[in-house]
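Counting from 275, one number per residue, gives the positions in the sequence shown under the numbering used here.
Note that beta-carbon positions come from the ideal geometry of N, C-alpha and C, so glycine has one too.
Only a predicted model underlies this, so the values are computations on that prediction, with no experimental measurement involved.
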Amino acid sequence: QEAPAGAAPRAVCAERVDLGQRIAYLDPAAGEHVVAGEWDFVCDARSPGEYEEDHVIGALSTPVLSDEERARVGTLYKQVSPFEARRLGAALVSKNVADILMREFQEAPADARVLVYCWRGGDRSLSLAHTLSRVGFDVHLIKGGWKAYRARVRAELPSLGQYDLRLLRGVTGCQKTKLLHALRRKGAQVIDLEGAANHKGSILGVNVDSAQPSQKLFEGRLVAQAARFDRRRPVFVEGESSLVGQRVVPSALLHAMRAAPTVVVGAPMAERVRFIRRDYEYFEGRAVGELKERLRRLRQLRGGETVDRWLAQVDAGDFDAFVQDMLESHYDPAYEAAAARDWTGETLETVVVEGVGGDAVD
275 QEAPAGAAPR AVCAERVDLG QRIAYLDPAA GEHVVAGEWD FVCDARSPGE YEEDHVIGAL
335 STPVLSDEER ARVGTLYKQV SPFEARRLGA ALVSKNVADI LMREFQEAPA DARVLVYCWR
395 GGDRSLSLAH TLSRVGFDVH LIKGGWKAYR ARVRAELPSL GQYDLRLLRG VTGCQKTKLL
455 HALRRKGAQV IDLEGAANHK GSILGVNVDS AQPSQKLFEG RLVAQAARFD RRRPVFVEGE
515 SSLVGQRVVP SALLHAMRAA PTVVVGAPMA ERVRFIRRDY EYFEGRAVGE LKERLRRLRQ
575 LRGGETVDRW LAQVDAGDFD AFVQDMLESH YDPAYEAAAA RDWTGETLET VVVEGVGGDA
635 VD
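Next up, the structure:
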């Protein structure tokens, strides 16, 4: 394009600024695992809403655009022009990246290893990664971003059924989850379905303080638990149905669980009642309304007369009688039916837990 008449000609510079090769890729599609424990920081540059739906396990939420800002820039891109959207986006991103550096990285050592990603490895993650690399940190990008990570998780799900599983199963209240945690503390390999699902696996198993994760995040947690398992060693898992709350157990894992060798866990009724009252203590106070609402949902299954009896026990504060009645009238029959229908693996041994808490399960 010619310069306007009378204007000085524009200088033409052939040389371009070389910013160096300070950012490396981690490529899930090439089989590289995304394990947060191998990094000092894993930064999710997507919006908070995207992060909440799913994220690399252990990642920090470091959004370079908030949900509202992302929507604003997107609208500008569609309705005005890409240039206008990029100009506004750059201003917002610059402000937010500065906040991230002040909030997360002022105490970070010079040799910190940082992994950054956004939805598909584009401008959002690059903007944060570039700034961090200029500081001098060892910075990597997930090639393909969250989409590549999610594809890797999905590809890993069938492998959950390929481990040498040992199933812990038994009636409600015999502290199976506590046993799993004790095994993990002693160095055993454990898949914790209830921990990953943020749910105790029954109609009363809801966490009254926080919601369940999305199905995607639940699956990511399971894959992360198994990421460094040694296939030569057994993996312990608690017997669950196909649903943990509203989260679906991956089919390969579920099928392997149903055929796995089993350790049957039991406990005296009095100990079961004592443990359940301790483990669900919130239902006797601040969440009693939630308890009663969930009991009413069982009318069709257990009958109005039985549910009314449970509600009367709760209203009377007779929680020992209520818990034992629930076990005998609801949980134990359901367990026996599921055991006869679903679990086909050989029984290795039977363990009876006496007492409640750490000493009992250790």
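Beta carbon of Val-562 nearer than 8 Å to that of Leu-441: For this step, residue 562 is matched to residue 288 along the sequence shown. For this step, residue 441 is matched to residue 167 along the sequence shown. Cβ distance not < 8 Å, so Val-562 and Leu-441 don't count as in contact.
Proximity of Met-531 and Leu-439 at Cβ, strictly below 8 Å: In the sequence shown, residue 531 corresponds to position 257, counting from 1. In the sequence shown, residue 439 corresponds to position 165, counting from 1. Yes.
Segment contact, 8 Å Cβ cut-off, at least three pairs: the region 393–407 with the region 488–508: no
Minimum C-alpha distance to Leu-362 - residue among Val-291, Val-581 and Arg-346: By 1-based counting over the sequence shown, the position of residue 362 is 88. Across the set Val-291, Val-581 and Arg-346, the C-alpha of Arg-346 shows the shortest separation from the C-alpha of Leu-362.
Tyr-299, buried or exposed, once every other Cβ within 10 Å from all chains shown has been counted against 16: Along the sequence shown, read from residue 1 onward, the residue named residue 299 stands at position 25. With fewer than 16 other Cβ atoms inside 10 Å of its own Cβ, Tyr-299 counts as exposed.
Whole runs of the beta strand (DSSP E) within the region 471–527, excluding any shorter than 3 residues: 509–512
Residues bridged to His-414 [DSSP beta-bridge criterion]: Numbered from 1 along the sequence shown, position 140 holds the residue referred to as residue 414. The partner list for His-414 (beta bridge, DSSP) reads Ala-298 and Leu-389.
Candidates Gln-587, Gly-311 and Pro-302, of which the one nearest Gln-499 by Cα: On the sequence shown, residue 499 is found 225 positions in, with the first residue counted as 1. Minimum Cα distance to Gln-499 is reached at Gly-311.
Nearest-angstrom Cα separation, counted from Arg-398 out to Gly-332: For the purposes of this step, residue 332 is taken as residue 58 along the sequence shown, with counting starting at 1. For the purposes of this step, residue 398 is taken as residue 124 along the sequence shown, with counting starting at 1. Cα-Cα distance, rounded: 19 Å.
Beta-carbon proximity list for Phe-503, same chain, < 7 Å, skipping 5 on both sides: In the sequence shown, counting from the first residue as 1, residue 503 sits at position 229. Only Tyr-437, Gln-463 and Val-509 meet the Cβ criterion.
Top-ranked residue by Cα proximity to Ser-476, from Pro-302, Ala-608 and Thr-621: As a working note, residue 476 is residue 202 in the sequence shown. When only C-alpha atoms are compared, the closest one is Ala-608.
Gln-353, buried or exposed, once every other Cβ within 10 Å from all chains shown has been counted against 16: Taking the sequence shown and counting its residues from 1, one reaches residue 353 at position 79. By the 10 Å Cβ count, Gln-353 comes out exposed.
Collapsed DSSP secondary structure at Glu-623 in the structure displayed: Counting from 1 along the sequence shown, the entry for residue 623 is found at position 349. Here Glu-623 sits in strand by DSSP.
Nearest-angstrom Cα separation, counted from Leu-400 out to Val-291: Here residue 291 corresponds to residue number 17 of the sequence shown, with the count starting at 1. Here residue 400 corresponds to residue number 126 of the sequence shown, with the count starting at 1. Their backbone Cα atoms lie some 17 Å apart in a straight line.
Local Cβ density within 10 Å of Pro-302, reported as buried at 16 or more and exposed below that: In the sequence shown, counting from the first residue as 1, residue 302 sits at position 28. Flag for Pro-302 reads buried.
Bridge partner(s) assigned by DSSP for Phe-593: As a first step, residue 593 is located in the sequence shown; it is residue number 319 there, counting from the start. None; Phe-593 has no bridge partner.
Touching by the beta-carbon criterion (3+ pairs, under 8 Å), the region 445–454 and the region 538–557: yes
Check whether Trp-420 and Arg-320 have beta carbons under 8 Å apart: Counting from one through the sequence shown, the residue named residue 420 turns up at place 146. Counting from one through the sequence shown, the residue named residue 320 turns up at place 46. Their beta carbons are under 8 Å apart, which means Trp-420 touches Arg-320 by this criterion.
For Ser-335, three-class secondary structure by DSSP: Numbered from its first residue, the sequence shown carries residue 335 at position 61. Strand at Ser-335.
Euclidean distance between Cα positions of Val-427 and Arg-583: Taking the first residue of the sequence shown as position 1, residue 427 is located at position 153. Taking the first residue of the sequence shown as position 1, residue 583 is located at position 309. Cα to Cα, the separation comes out at about 46 Å.
Bounding residues of the beta strand (DSSP E) (the contiguous stretch that carries Asp-318): Mapped onto the sequence shown, residue 318 falls at position 44. Start and end: 315–318.
Exposure label - Glu-628; buried when at least 16 CB within 10 Å: Counting from one through the sequence shown, the residue named residue 628 turns up at place 354. Flag for Glu-628 reads exposed.
Residues near His-473 by beta carbon distance below 6 Å, same chain, minus five either side: Reading the sequence shown from its first residue, position 199 is the one you call residue 473. Here the set comprises Gly-479, Gln-486, Val-518 and Gly-519.
Nearest to Asp-589 (by Cα), restricted to the options Asp-599, Ala-612, Glu-558 and Glu-514: Taking the first residue of the sequence shown as position 1, residue 589 is located at position 315. Answer by Cα proximity: Glu-558.
Cβ-based neighbour list, Ala-526, same chain, cut-off 8 Å, excluding 5 preceding and 5 following: As a position in the sequence shown, residue 526 is number 252, starting the count at 1. The residues are Leu-431, Pro-432, Ser-433, Leu-434, Gly-435 and Gln-436.
Proximity below 8 Å, CB of Glu-468 to CB of Glu-512: Counted from its first residue, the sequence shown places residue 468 at position 194. Counted from its first residue, the sequence shown places residue 512 at position 238. With respect to the 8 Å criterion, Glu-468 and Glu-512 are classified as neighbours on the basis of their beta carbons.
Host alpha helix (DSSP H) of Arg-408 (start-end): For the purposes of this step, residue 408 is taken as the residue at position 134 of the sequence shown. Residues 397–409.
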